[in-house]
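In what follows, a single structure is set out as structure tokens and then discussed.
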Amino acid sequence: MSVMSPRPESSGSRAADPGSAAIRIRGLAKAFPGHLGIGRKVALPGLDLDVPSGEIFGLLGPNGAGKTTTLKLLLGLLRPDAGEIEVFGLPHTAAEARARLGFLPENPYFYDYLTAEEFLDFYGRLHGLDASERGDRVQRALRRVGMEGRGKTPLRQCSKGMVQRVGLAQAIQHDPQLVILDEPMSGLDPIGRRQVRDLIQELKAEGKTVFFSSHILQDAELLCDRIAILEKGSLRFSGALRELLPSQIRGFEVTLRGANLENLPAEHLWAGEEETTLLVADAVELERLLAECRSRELLVVSIWQRRESLEDLFLRELGQEPGGES
Ligand SMILES: Nc1ncnc2c1ncn2[C@@H]1O[C@H](COP(=O)(O)OP(=O)(O)OP(=O)(O)O)[C@@H](O)[C@H]1O
Ligand SMILES: [Mg+2]
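Here the sequence shown stands for residues 0 to 325, numbered as in numbering that gives the first Met the number 0.
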């Protein structure tokens, strides 16, 4: 494995290419010292990944899969052993590339004697924002994360979820083109999760790229244009969600009302006092069932398509489905 040759910190005359992928990773490798400093523990053996510009991309995988390591390498917080990372066509260490990034770390911990506003003002300065615009930007960012009117709260009095929101405000206040979020929904209640999902979608509507890691597959399914599943540092699966999930219809659930439900051509899932729900495997079986319902004058209350969820896909790809490989 060749060691990555150091690249110049500034890209000099090289301008960012607006048409290029937001992130392009090739052969990215990282190992850490093993337990008690003995041996090496490989976190990433050699990752290739492309994140298209303007999309929401979810990096998924079980604990220890290498998600945070990938994000830290991307941010330049860790040095890779090998490989290349480009951000909008620029080396990720270039000042122009870094200026286009916003980052929320996993389990953020901030200097907690500052208020939320002071903290954001401090980061605004680090991002090079003028004093004249910082005040407005801080208030706007607080509003966007559902912390309006709470800027005077010292961070030490903030709950875990509030700290997470302040961290998100910090990641977006300087209007970065690429927002990188490590577990953005963790520690949030259902309302907070919903607000963060809405925020991520707003960022996309503004033309930003969002690259986030998550354990919460339902959130990833609701949000992502594209996902990648990592396991032990290797890419197990990657693709556009709308291509992966809609094709995988897992049957239809049909709810009926009426008497004479004996021997219908379907699997019985559930029977209530008034309604019964049946399952058929595909459109042909659905048509047969509906014809039978018409001839028996049964009322069809609802028909639900049963689709493969991201969780089904995740468990199958990682071989943890009952009966799957492990
Ligand atoms: N600083 C470090 N020193 C030693 N090993 C590390 C270090 N950071 C990460 N690792 C190891 O690298 C592997 C990948 O860890 P990483 O934190 O990237 O996983 P993750 O996918 O983010 O997991 P989680 O879902 O729990 O956040 C793990 O085996 C972890 O123990
Ligand atoms: Mg992590």
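Every residue gets a Cβ at the ideal spot worked out from N, C-alpha and C, and that includes glycine. On a predicted model such as this, the values are computed, not experimentally measured, just so you know.
| request: Between the Cα of residue 139 and those of 168, 131, 155, 199, spot the shortest distance and give me the residue it belongs to. | output: 168
| said: Give me, in chain order, the residues of the same chain whose beta-carbon lies closer than 6 Å to that of residue 166; leave out the 5 immediate sequence neighbours on both sides. | reply: 103, 107
| request: State the Cα-Cα distance for the pair residue 259 and residue 295, rounded to the nearest angstrom. | output: 7 Å
| message | Check for me: the beta strand (DSSP E) holding residue 231 runs from which residue to which? | response | Element bounds for residue 231: n/a, residue is neither H nor E.
| Any heavy atom of ligand 2 closer than 8 Å to the Cβ of residue 52? | no
| message | Give me the pocket residues for ligand 2, defined as CB within less than 7 Å of any heavy atom, sorted by chain position. | response | 66, 67, 105, 181, 182, 212
| Nearest-angstrom Cα separation, counted from residue 198 out to residue 142 | 11 Å
| field | Nearest-angstrom Cβ-Cβ length linking residue 297 and residue 256, presumed shorter than 8 Å | value | 7 Å
| query | Residues bridged to residue 126 by DSSP? | reply | Its beta-bridge partners do not exist; DSSP assigns none.
| field | Nearest-angstrom Cα separation, counted from residue 180 out to residue 273 | value | 47 Å
| query | Just curious, the beta strand (DSSP E) that residue 212 is in, first and last residue? | reply | 208–213
| query | Where DSSP assigns a beta bridge to residue 120, which residues make up the other side? | reply | Answer is none; residue 120 lacks a bridge partner.
| request: Identify every residue that forms a DSSP beta bridge with residue 181. | output: 212
| If you measure from the CB of residue 57, is any heavy atom of ligand 1 nearer than 8 Å? | no
| message | As an exercise, report each continuous beta strand (DSSP E) stretch of at least 3 residues that is fully enclosed by the segment 131–191, in chain order. | response | 177–181
| Going along the chain, which residues of its own chain have a beta-carbon closer than 6 Å to the beta-carbon of residue 237, five neighbours each way excluded? | 227
| request: Please report how far the alpha carbon of residue 35 lies from the alpha carbon of residue 41, in whole angstroms. | output: 15 Å
| request: Let me know if residue 266 comes out buried or exposed under the rule of 16 or more other beta-carbons within 10 Å of its beta-carbon. | output: exposed
| field | Where the alpha helix (DSSP H) through residue 284 begins and ends | value | 282–295
| DSSP beta-bridge partners of residue 92 | Paired residues: none, contrary to the question.
| message | Between residue 32 and ligand 1, is there a pair consisting of the residue's CB and a ligand heavy atom that are separated by less than 8 Å? | response | yes
| query | Between residue 162 and residue 186, is the Cβ-Cβ spacing less than 9 Å? | reply | yes
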